[in-house]
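Q: I have a structure I would like to understand better, so I am pasting it below and will then ask my questions one at a time.
Numbering (this note's numbering), first residue to last: -2 to 156.
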């Protein structure tokens, strides 16, 4: 009887340990949802908006084409997900940017730091317009001076 009880005790503790392991590994349920933030990404054509988002999403840099209209990408981070609306930067599309601002919680403004003086002036005007827009003026802005690797790139002070 004593041998039987000792054997049963080993089996019971083994079952409890297995059950606890099973519960710990399989029955936790889904991880808590990460918070999501809606951002808008704007800038002139060729400033590097699509390349930036592709890089953040770990996508291949090959086959990147300029955005016509808009695209939406979910950029995952460990503690949050950024839902980024990238708006095309062509002349005929910029006038519609404000239609996509609603619900945004932040702004990424990308400019080509190696662009011509005229393009840089246009980018400045678009940035000032965005900074003054009623739906964006209270939001955080990230201003990215892209293409710093190009010989004609301007410094932060020059931009």
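We treat Cβ as the ideally placed atom computed from N, Cα and C, and that holds for glycine.
Every value quoted in this text rests on a predicted model; they were computed, and no experiment measured them.
Please name the residue in 67, 110, 35, 104 whose C-alpha comes closest to that of residue 188.
A: This structure leaves residue 188 out entirely; the chain is present only between -2 and 156.
Q: Suppose contacts are defined by Cβ-Cβ distances below 8 Å. Is residue 161 in contact with residue 50 by that definition?
A: The shown model of the chain, from -2 to 156, leaves out residue 161, and the question about it has no answer.
Q: If you draw a straight line from the C-alpha of residue 130 to the C-alpha of residue 30, how long is it?
A: For the purposes of this step, residue 130 is identified with residue 133 of the chain shown, where counting begins at 1. For the purposes of this step, residue 30 is identified with residue 33 of the chain shown, where counting begins at 1. Spanning the two alpha carbons is a distance of roughly 32 Å.
Q: Closer than 8 Å is the cut-off here; do at least three beta carbon pairs connect the region 98 to 112 with the region 134 to 141?
A: Counting Cβ pairs under 8 Å, three or more are found: they touch.
Q: Taking the C-alpha atoms as reference points, what is the distance between residue 118 and residue 28?
A: Translated into positions along the chain shown, residue 118 becomes position 121. Translated into positions along the chain shown, residue 28 becomes position 31. Distance between the alpha carbons of residue 118 and residue 28 is about 47 Å.
Q: Take the Cβ of residue 39 as the centre, count every other Cβ of all protein chains shown within 10 Å, and call the residue buried at 16 or more, exposed below.
A: Sequence index remark: in the chain shown, residue 39 carries index 42 (1-based). Buried, by the Cβ-count rule.
Q: Please confirm whether residue 33 and residue 61 have their CB atoms less than 8 Å apart.
A: Position 36 of the chain shown, counted from the start, is the residue given in the question as residue 33. Position 64 of the chain shown, counted from the start, is the residue given in the question as residue 61. Their beta carbons are not under 8 Å apart, which means residue 33 does not touch residue 61 by this criterion.
Q: Would you please state the rounded distance, in angstroms, between the beta carbons of residue 85 and residue 64? I believe it to be under 8 Å.
A: Within the chain shown, the letter at position 88 stands for residue 85. Within the chain shown, the letter at position 67 stands for residue 64. So it is a contact: roughly 4 Å between Cβ atoms.
Q: For the alpha helix (DSSP H) holding residue 122, just list the boundary residues, first then last.
A: The residue you call residue 122 lines up with position 125 of the chain shown. First-last of the alpha helix (DSSP H) with residue 122: 114 to 129.
Q: Roughly how many angstroms separate the alpha carbons of residue 48 and residue 58, rounded to a whole number?
A: Residue mapping note: residue 48 aligns to position 51 of the chain shown, counting from 1. Residue mapping note: residue 58 aligns to position 61 of the chain shown, counting from 1. For residue 48 and residue 58, the distance between alpha carbons rounds to 7 Å.
Q: Measure the alpha-carbon distance for residue 155 versus residue 74 and round it to whole angstroms.
A: Position 158 of the chain shown, counted from the start, is the residue given in the question as residue 155. Position 77 of the chain shown, counted from the start, is the residue given in the question as residue 74. Spanning the two alpha carbons is a distance of roughly 32 Å.
Q: Can you give the Cα-Cα distance for residue 71 and residue 80, rounded to whole angstroms?
A: For the purposes of this step, residue 71 is identified with residue 74 of the chain shown, where counting begins at 1. For the purposes of this step, residue 80 is identified with residue 83 of the chain shown, where counting begins at 1. Residue 71 and residue 80: Cα-Cα distance of roughly 4 Å.
Q: Rounding to the nearest angstrom, what Cα-Cα distance links residue 35 and residue 120 in this structure?
A: Your numbering for residue 35 matches position 38 in the chain shown. Your numbering for residue 120 matches position 123 in the chain shown. So the two alpha carbons sit approximately 23 Å from each other.
Q: So, with DSSP's three-state summary, where would you put residue 34?
A: Looking up residue 34 in the chain shown gives position 37. Reduced to three states, the DSSP call for residue 34 is strand.
Q: Going straight from the alpha carbon of residue 56 to that of residue 46, what length do you get?
A: Along the chain shown, one-based indexing puts residue 56 at 59. Along the chain shown, one-based indexing puts residue 46 at 49. Each residue's Cα considered, the two are about 14 Å apart.
Q: Give a yes or no on whether the minimum CB-CB distance between residue 87 and chain C is below 8 Å.
A: You won't find chain C in this structure, because it holds only one protein chain.
Q: Alpha carbon to alpha carbon, how far is residue 115 from residue 148? Give it in angstroms, no decimals.
A: For the purposes of this step, residue 148 is taken as the residue at position 151 of the chain shown. For the purposes of this step, residue 115 is taken as the residue at position 118 of the chain shown. Rounded to whole angstroms, residue 148 to residue 115 spans 18 Å at the Cα level.
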